[in-house]
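Residue numbers (the numbering used here): -18 to 411.
What follows is the structure, encoded as structure tokens:
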């Protein structure tokens, strides 16, 4: 026996003993990480830690050619393996989101109609409609400062034209200009029917789209400047798409599935693209309808249909660029050239040029709404009252549970994100 061989054998024996202990711990603590081949070994009756030990022994027998045990040095290949293990990101447990405050907006009784109104921030105030025929105005601490009587309940979103003017509507199709600081109505204008989305700013004016596929340009004084009447066909739900303004062109999606481009100055039609041949449905689970606003990212207009498809169009002429099966309840998020979406139970990043999935994070969730971007995080919520935050590369960073269900996308405000549930609650989280 060569000098020092006995010492080397003792060291190797100690290493084998440590390998056996690690193998036994690995087989008992991390069964979900065991390869299918090792699962078969365990199923055939051989203890898994013993099989792992044999593998370790075989590896040890080849150690003279693979490792330099005497000098304690690593080859370049070993250093690369160690480096890759050290730099691999560690998945951390999600932190809890903070519920800053919550209020019961309209004190509804059990079995009252669900609420779908979406809040809007105007200066240091929050405005939204309730199922009690009032517009409720809160400060950023969640205290109600004004309550403005409307003609009917409201389920739409609002638009803050300034700190002194918020535009919203009620279920009878009346559009209101409200001064939130004074808690007073500045003007009213009657639309053809109710609006299910929210007003959109266009210069010093605003655009609204109603449930009968009409589009109106209204001044900030409540005067109609032009209107466009779309086809009457198509079914709608308690929410619907709003127009999208891009300079001298505005885009809209009708309930019958048509995507349109209109001139912003006079409402003339520039192009029309039929995206859905038939949306008649016998049951709700088969209904395909647009609920989300169209989104523009570069030269691609992204249009989505609930329980239908996500489609990319050329913003210039409406030619279809790509199409994929993906159901969305709320608008995708375009941010810094990237496109994010929240589907039934997953959050995805998509390639705007092709619609292909770049990454997908499946959540323990129902139908998701969002995402909204705040503090470099994606906020989504679902019909079970769950709220999630994710990093921009898809890692879950926070979770929170609220009562009821959330059917409208989170609204980003100063100091956090606002969420409205179907039971009349309004919550600020961060």
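Beta carbons are placed, not taken as given, at the ideal position from N, Cα and C, and that holds for glycine.
Outcome for residue i when other beta-carbon atoms lying within 10 angstroms are tallied against a minimum of 16
i	result
residue 310	buried
residue 300	exposed
residue 382	exposed
residue 165	exposed
residue 274	buried
residue 250	exposed
residue 395	exposed
residue 372	exposed
residue 384	exposed
residue 128	exposed
residue 401	buried
residue 399	buried
residue 98	buried
residue 258	exposed
residue 180	buried
residue 124	exposed
residue 247	exposed
According to DSSP, residues forming a beta bridge with residue i
i	result
residue 120	106
residue 435	In this structure the chain extends from -18 to 411, so residue 435 is not present and cannot be described.
residue 186	183
residue 295	281
residue 400	408
residue 290	306
residue 199	187 and 205
residue 322	329
residue 166	159
residue 301	294
residue 227	230
residue 270	287
The beta strand (DSSP E) enclosing residue i, as first and last residue numbers
i	result
residue 94	Careful: residue 94 lies outside any beta strand (DSSP E) and carries neither H nor E.
residue 156	155 to 160
residue 417	Outside the modelled stretch of the chain, which goes from -18 to 411, sits residue 417, for which no answer is possible.
residue 208	205 to 210
residue 130	125 to 130
residue 330	327 to 331
residue 387	Run containing residue 387: none; DSSP gives neither H nor E here.
residue 315	314 to 316
residue 367	367 to 371
residue 143	140 to 143
residue 358	358 to 363
residue 134	Here residue 134 belongs to no beta strand (DSSP E), and DSSP marks it neither H nor E.
residue 150	146 to 150
residue 250	250 to 255
residue 353	349 to 355
residue 239	239 to 244
Cα-Cα separation, residue i to residue j
i	j	result
residue 240	residue 178	16 angstroms
residue 352	residue 306	19 angstroms
residue 252	residue 360	34 angstroms
residue 278	residue 315	6 angstroms
residue 186	residue 201	5 angstroms
residue 141	residue 103	5 angstroms
residue 386	residue 409	15 angstroms
residue 407	residue 390	13 angstroms
residue 272	residue 378	28 angstroms
residue 207	residue 158	18 angstroms
residue 291	residue 221	16 angstroms
residue 114	residue 224	26 angstroms
residue 233	residue 255	12 angstroms
residue 335	residue 294	10 angstroms
residue 392	residue 323	15 angstroms
residue 303	residue 93	42 angstroms
residue 238	residue 282	14 angstroms
Residues of its chain near residue i, where Cβ-Cβ distance is below 8 angstroms and the 5 sequence neighbours each way are ignored
i	result
residue 205	170, 197, 198 and 199
residue 106	118, 119, 120, 121, 126, 144, 161 and 162
residue -6	Here residue -6 scores only 47 on pLDDT, less than 50, and its place in the model is too uncertain to base an answer on.
residue 77	379, 380 and 381
residue 133	114, 151, 152, 153 and 155
residue 350	310, 311, 323, 361, 362, 363, 387, 388, 389, 390 and 391
heavy atom of the ligand SAH below 7 angstroms from residue i C-beta
i	result
residue 197	You won't find the ligand SAH in this model; it holds no ligand whatsoever.
Neighbourhood of residue i by C-beta, 6 angstroms cutoff - its chain only, sequence neighbours within 5 removed
i	result
residue 346	326, 363 and 367
residue 405	85, 86, 87, 89 and 96
residue 210	195
residue 235	194 and 211
residue 227	277
residue 39	Legend: pLDDT at residue 39 = 39, less than 50; position of this residue unreliable, value from coordinates given subsequently. For residue 39, where only same-chain residues beyond five positions count, there are no Cβ hits under 6 angstroms.
residue 289	269
Close beta carbons around residue i, own chain, < 7 angstroms, minus the five adjacent residues each side
i	result
residue 193	173, 174 and 213
residue 332	339
residue 370	78, 358, 359, 360, 378 and 379
8 angstroms Cβ cutoff, residue i in contact with chain D
i	result
residue 172	Among the protein chains of the structure shown there is no chain D, as only one such chain exists.
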